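So for the sequence shown, numbering that gives the first Met the number 0 puts the first residue at 0; every next one is plus one.
Contents: one structure, followed by commentary.
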Amino acid sequence: MTYLRYLDSSKVHQAVVTETHRMTPEDAPEVRSISLTIDHPGFRFREGQHVGVTVPGAFELDHENHFRLYSIANSPAMNESESVEIELCVRRCFITDEVSGEEQPGVASNYLCNLKVGDSISISGPYGSVFKIPDNPESNLLMIGSGTGIAPFRAFMQHIYERHSGWKGQLLLFYGARSGAETLYRNDQKNDFDKYYDQKTFRAFEGLSKQPSMPKEDGLDHVLSDHAAKIWELIQQPNTHFYLAGMPQTRDNFEKVMLELTGSDSSWRLLREEMVEENRWSELIYR
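Spelled out as structure tokens, the structure:
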């Protein structure tokens with residue numbers, strides 16, 4: 000995410016791993032669901048926020064610790080227990096050295112993916128108020144995500160359909176992945192979204208890559224193009240709130256489809272600026 004340097008990571012909490020399991024099959028890139036318990040009465044969070052994870056390891060300027068942000072993938076529990084449960088969605092990442100061409104494991108993601116039940120880690124936060132569910136149940140939610148960017152939307156669904164009654168607005172989720180094996184919360188390993196398909200207000204649209212061997216091709220542009228007219232119809236309604244989560248490419252794909260549909264750069268940007276001013280436009284870009 001883009002504002003690491005501005006975060007206060009001095010308030011650290013200890014979290015214990017209570018569950019960790021792989022969400023993708025063995026023949027796909029590894030993504031894990033990691034459940035943590037924080038026994039601290041002052042730690043409270045809401046949907047759309049994220050936590051900072053501090054892990055040991057070399058970093059720029061010989062820093063001893065490595066700090067990264069991860070979206071919380073669940074909604075807060077309704078009980079008043081002092082212990083708090085959060086879930087993280089973590090992709091095991093590797094970085095290619097530009098000089099040697101060698102592949103190096105990402106410090107934070109590999110540390111988290113290697114954790115075992117009972118291990119303790121340091122976290123800070125929660126951070127962020129960018130992704131906030133509107134109070135008005137008549138609101139439409141238009142959600143665009145790819146990869147682990149689907150994590151905050153899982154928390155949205157839990158809140159709206161399990162802990163909020165009578166939501167009347169439309170909820171549309173557009174999600175991109177390179178292959179069916181890489182879809183998250185919608186595969187054989189963990190299919191959390193299936194419980195919401197019978198809701199009249201919820202629809203999910205999944206786009207898979209036509210070239211899954213291409214690392215930057217996630218299929219999102221295809222599903223957005225196929226349903227561009229529906230998106231345009233919804234986004235023009237004054238009660239629609241827009242959320243986008245993923246890599247910069249996710250935003251680029253959406254911008255491209257909207258510009259092609261409207262045929263006017265000025266018309267599209269004017270609508271977007273209006274939504275930003277009315278606090279109906281939210282982006283969470285991972286770096």
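In this text, a Cβ means the ideal position worked out from N, Cα and C, and glycines have one as well.
Every value quoted in this text rests on a predicted model; they were computed, and no experiment measured them.
Tell me the DSSP bridge mates of residue i?
i, result
"TRP267", "DSSP lists no partner for TRP267."
"CYS338", "The chain is shown from 0 up to 286; residue 338 falls before or after that span and cannot be answered."
"ASP123", "Position check: residue 123 holds Ser in this sequence, whereas Asp was assumed. For SER123, which the question treats as bridged, DSSP gives the partners VAL11, GLY51."
"MET142", "LEU172, TYR242"
"ASN64", "PRO55"
"SER82", "ASP38"
Hey, how far is the Cα of residue i from the Cα of residue j?
i, j, result
"PRO125", "SER74", "13 angstroms"
"ARG45", "PHE155", "10 angstroms"
"LYS10", "ASP251", "35 angstroms"
"SER138", "GLN103", "44 angstroms"
"GLY148", "PRO24", "19 angstroms"
"VAL50", "ILE120", "12 angstroms"
"PHE152", "GLY47", "8 angstroms"
"SER39", "ILE159", "Looking at the sequence provided, one finds His at residue 39 rather than Ser. Those two C-alpha atoms are separated by around 26 angstroms."
"ARG279", "MET257", "17 angstroms"
"LEU243", "GLU254", "11 angstroms"
"LEU141", "LEU172", "6 angstroms"
"TRP231", "ALA14", "42 angstroms"
"MET213", "GLU81", "Any reading at MET213 is ruled out, since the residue's pLDDT is 48, under 50, leaving its predicted position unreliable."
"GLU273", "HIS240", "12 angstroms"
"GLY179", "GLY146", "Here the model assigns GLY179 a pLDDT of 49, short of 50, so the residue's position is not dependable, and the following value carries that caveat. So the alpha carbons of these two residues sit roughly 12 angstroms apart."
"ARG43", "GLU205", "32 angstroms"
"LYS131", "VAL275", "13 angstroms"
"HIS226", "GLN157", "25 angstroms"
"VAL222", "THR200", "19 angstroms"
"SER370", "THR249", "The requested residue 370 is not part of the displayed model; the chain covers only 0 to 286."
"ILE122", "GLU161", "27 angstroms"
"SER128", "GLU277", "15 angstroms"
"GLY144", "HIS20", "22 angstroms"
"SER99", "ASP118", "34 angstroms"
"MET288", "GLY245", "The requested residue 288 does not occur in the structure, where the chain is confined to residues 0 to 286."
"SER224", "HIS12", "43 angstroms"
DSSP on residue i, reduced to helix/strand/coil?
i, result
"SER34", "strand"
"GLU205", "strand"
"HIS221", "helix"
"LYS10", "coil"
"VAL116", "coil"
"THR261", "helix"
"PRO237", "coil"
"PHE93", "strand"
"PRO104", "strand"
"ARG153", "helix"
"HIS20", "strand"
"ILE284", "strand"
"ASN278", "coil"
"ILE71", "strand"
"GLY148", "helix"
"LYS131", "coil"
"THR200", "coil"
"TRP231", "helix"
"PRO325", "One cannot answer for residue 325 here, as it falls past the ends of the chain, which runs 0 to 286."
"PHE44", "coil"
"HIS158", "helix"
"GLU25", "coil"
Looking only at its chain, what residues have a beta carbon closer than 8 angstroms to the beta carbon of residue i, apart from the 5 residues adjacent to it on each side?
i, result
"ALA228", "LEU260"
"LEU303", "What the structure shows of the chain is the stretch from 0 to 286, and residue 303 is not part of that stretch, so it cannot be assessed."
"THR17", "SER34, LEU35, THR36, GLU84, VAL116"
"PRO136", "HIS163, GLY165, TRP166, LYS167, GLY168"
"ASN238", "ASN135, GLU137, SER138, ASN139, GLY168"
"ASP220", "GLY175, GLY206, ASN252, LYS255, VAL256"
Which same chain residues end up closer than 7 angstroms to residue i when comparing Cβ atoms and leaving out the 5 residues on each side of it in sequence?
i, result
"THR95", "GLU102"
"ALA150", "SER70, ALA72, CYS88"
"GLU247", "Per the sequence shown, the amino acid found at residue 247 is Pro instead of Glu. Closer than 7 angstroms at Cβ, skipping near neighbours: ILE284."
Cβ of residue i versus every heavy atom of the ligand GTP: is any distance shorter than 8 angstroms?
i, result
"ALA244", "Absent from the structure shown: the ligand GTP. Ligands present: none."
Within the same chain, show all residues whose beta-carbon is closer than 6 angstroms to that of residue i, passing over the 5 residues directly before and after it, in chain order.
i, result
"ARG67", "VAL52, ALA107"
"PRO133", "HIS240"
"GLU282", "LEU243"
Quiz item: Would the segment 84-92 and the segment 110-119 be scored as touching if the rule is three or more Cβ pairs under 8 angstroms?
Solution: Contact between the segment 84-92 and the segment 110-119 is present: three or more C-beta pairs spanning the two stretches fall below 8 angstroms.
Quiz item: Hey, is the segment 264-278 in contact with the segment 157-174, meaning 3+ C-beta pairs nearer than 8 angstroms?
Solution: No: fewer than three Cβ pairs fall under 8 angstroms.
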